[in-house]
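For reference, the structure is listed below as structure tokens.
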Amino acid sequence: MFSISRINSNRPLVIAIFAALVVFYLVYLTVSQSVTFSALQSSLNAKIAALRNTETTTGEPEKVVDRDIVHLSNVQNDELEFRSGKNIFFIVSTLSPEGVIKLTARQACAIESAARSNADWKVFPLFVATTWFNSSNNEFISPLLRYCNIHMRYIDLETFAFGTPLESLFTKHALQNSSYIVEHTADVLRLLVLYKYGGTYLDTDVIVRRSFDLLLPNYLGSEGSGYVANGVINLEATGYGHRFAESCLNDLAEHFDGQVWAANGPFMVTRNLQKFCNVSEVANMTRARCGGQLSVHPPDVFYRIRYPRHDWFFYPERTEAVMTSIKDDILVHMWNKATSGIQLKVNSTAAYVKLAHEYCPNVIKTCDEFF
């Protein structure tokens, strides 16, 4: 027969065993989450590498000199630097075949133009798939280092979503299993960054021509297709902007669709704006209808020249019409998904090159023959 005294005498052993089980369980959870996020990072890296295989060249790899290596800081290390709200974010997932940062001239142009046109804003190119670069062989990064308001950081996919509505999305392998892992990761991260820090997100196929101080905070832009685009988004880190970002993250956590290219971008953003503004048509999403605190700008603000004229920036015979049309625009969008294959020589008279010479002069001076 058990006695009360025997149970009491074994109590330290029981407590020790229970504590060990708790520690084991916590370690298991930590390791399993780490494996999940590492798997996402590996999948993303593999996809990016596959997309760039056609650019791989043969020959001996370049020797890397230690003094040329620049290690990026984790964007989470000093989150106080975002407090002003005057932040411009780019999400960059372009890698060289060797797995290091490799900006294209057009991506670098977008970043330089943002820094030049918004000198009192901080510009953060956020790199997803790497934590360092070699300054000696990244010809389009060096011109950006001349700007004191450009701060390159990296996003750690293993930890960035912790404590946010999207933590479960990462742990459920949803992004890892997406058919459009690069695009959908960028769709998710842009809203997650704005949710955490506030500021302006821009696609890397824009040229910024004016200060964003000209616009009231909290805005997106319609591209005229019946949906609101997610290539330009400004949301404050508190108040109405933060609530809208949170609504989008909750929507992504519940309805993420890895099989449809635009499902987690324009479709999702439009759906949440319909709810916030209590209207169904994008044309009726005025600031007054959206609580007086959020604007959906008409297409002519951010996407004035669009399909089927989206390639006019690339043809000299269209330059005069383009430059007249955009003369007062804050930024222009170049539709990289449809135009990336169009080559432009640096001495071309096409509108894109003309704009580059004016708004990203350091980058285009670095180009040899093509921009």
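1 is the number of the first residue of the sequence shown in full-length UniProt numbering; add one for each residue after it. Ideal Cβ positions, reconstructed from N, Cα and C, are used throughout, including at glycine. All values reported here derive from a predicted model rather than from experimental measurement.
Take Val353, set aside five residues on each side of it, and the residues of its chain with a beta-carbon closer than 7 Å to its own are Leu344, Val346, Phe371, in chain order. Contact annotation: Asp203 and Ala110 have beta-carbon atoms nearer than 9 Å.
The bridge partners DSSP lists for Thr104 come to none.
Annotation: Lys327 is outside any beta strand (DSSP E) and is labelled neither H nor E by DSSP. Only residues of its own chain outside the window of five on either side were considered, and among them Leu191, Leu194, Tyr195, Leu235 have a CB closer than 7 Å to the CB of Ala245, listed in chain order. Here the region 204-215 does not lie against the region 269-289, with fewer than 3 beta-carbon pairs under 8 Å apart. Under the Cβ criterion (8 Å, minimum of three pairs), the region 327-345 does not count as touching the region 66-82.
Taking C-beta atoms under 8 Å as the contact rule, Pro125 and Phe160 fail to qualify, at a distance of about 16 Å. In the structure shown, Phe302 adopts helical secondary structure according to DSSP, grouped into three states.
Inter-segment contact for the region 308-326 and the region 349-369 is present: three or more beta-carbon pairs are separated by less than 8 Å. With a cut-off of 8 Å on Cβ pairs, the region 175-183 is in contact with the region 256-273, counting three or more such pairs. Counting only unbroken stretches of 3 or more residues, the beta strand (DSSP E) elements lying wholly within the region 309-365 are 331-333, in sequence order. Burial of Arg106 is indicated by the presence of at least 16 other C-beta atoms within 10 angstroms of its C-beta. Here Ser84 is exposed, its C-beta having fewer than 16 other C-beta atoms within 10 Å.
Cβ atoms of Val100 and Phe133 come within 8 Å of each other, at about 6 Å.
Secondary structure within the region 78-165: the alpha helix (DSSP H) runs of 4 or more consecutive residues, fully enclosed, are 105-117 (chain order).
Fully contained in the region 188-238 are the following beta strand (DSSP E) runs of length 3 or more, in chain order: 199-202, 206-208, 219-222, 228-235. DSSP places Asn74 within a strand segment (E or B) once states are collapsed to three.
DSSP lists Tyr219 as the beta-bridge partner residues of Ser295. Here Glu369 has Lys345, Val346 as same chain residues with Cβ atoms under 7 Å from its own Cβ, once five neighbours each way along the sequence are excluded.
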